[in-house]
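Chemist: Quick one: this structure, given as structure tokens, is what I'll be asking you about.
In this note's numbering, the protein residues as written are 270 to 464.
Given below as structure tokens:
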């Protein structure tokens, strides 16, 4: 069974149902354990909720970047039209991917917390970007996305009202959605080394 399946047929096997139940039960156990651990940690020491993430990147190839995030490495590149080798997703696609993946996490987290059955969630993000600012042709437009649209597909047996309650919780608590919706202070320090 794939994540993109939205309906079942009569040919769906008992093994598929058992795998889905095991997956859902495993996810529920992990969500409960993580929620309990964080709740206890924050109750004991409020400042334990303050997290700092550090990600580093180094330019490679024409305009690509090798990114190190904890123990994970990935590449970010641009398509040929933007001087890249198209070896990986572009920075703005990675940003949309971050938004999508955060939505999935928070939908699952709050579905569990609210007791709302959520069999699956799929998110599509579209972002409109005016490249005229990037190329110095029009300083009156934003350099970033002018508009972002999310399509969230929730799969499960609950009522629209219950899924509306879930959406409200996700909208209020999704960290990456917050980054897209609100200004975030950024401090930049440039260090120059002789090369």
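By construction, the Cβ of each residue, glycine as well, lies at the ideal position given by its N, Cα and C atoms.
(1) Just mark residue 319 as buried or exposed, buried being the case when its beta carbon has 16 or more other beta carbons within 10 Å.
(2) Leaving out five residues before and five after residue 400 in sequence, what residues of the same chain have Cβ atoms less than 7 Å from its Cβ?
(3) Just to check, is the beta-carbon of residue 356 closer than 6 Å to a non-hydrogen atom of the ligand HEM?
(4) To the nearest angstrom, how far is the alpha carbon of residue 437 from that of residue 325?
(5) Suppose you measure from the CA of residue 313 to the CA of residue 307; what does that come to, to the nearest Å?
(6) Counting only the same chain and skipping the five closest in sequence on each side, list residues whose C-beta sits under 7 Å from that of residue 358.
(7) Between the Cα of residue 355 and the Cα atoms of 331, 337 and 376, which residue gives the shortest distance?
Modeler: Once the coordinates are examined:
(1) As a position in the chain shown, residue 319 is number 50, starting the count at 1. Classification of residue 319: exposed, given that the 10 Å Cβ count is below 16.
(2) Position 131 of the chain shown holds residue 400. The answer is none, since no qualifying residue turns up.
(3) The ligand HEM is not among the ligands present in this structure, which contains no ligands whatsoever.
(4) Position 168 of the chain shown, counted from the first residue, corresponds to residue 437. Position 56 of the chain shown, counted from the first residue, corresponds to residue 325. The C-alpha of residue 437 lies about 33 Å from the C-alpha of residue 325.
(5) Mapped onto the chain shown, residue 313 falls at position 44. Mapped onto the chain shown, residue 307 falls at position 38. If you take the alpha carbons of residue 313 and residue 307, they lie about 10 Å apart.
(6) Stepping through the chain shown from its first residue, residue 358 is reached at position 89. Around residue 358: 345 and 366.
(7) Translated into positions along the chain shown, residue 355 becomes position 86. When each option's Cα is compared against that of residue 355, the closest is 331.
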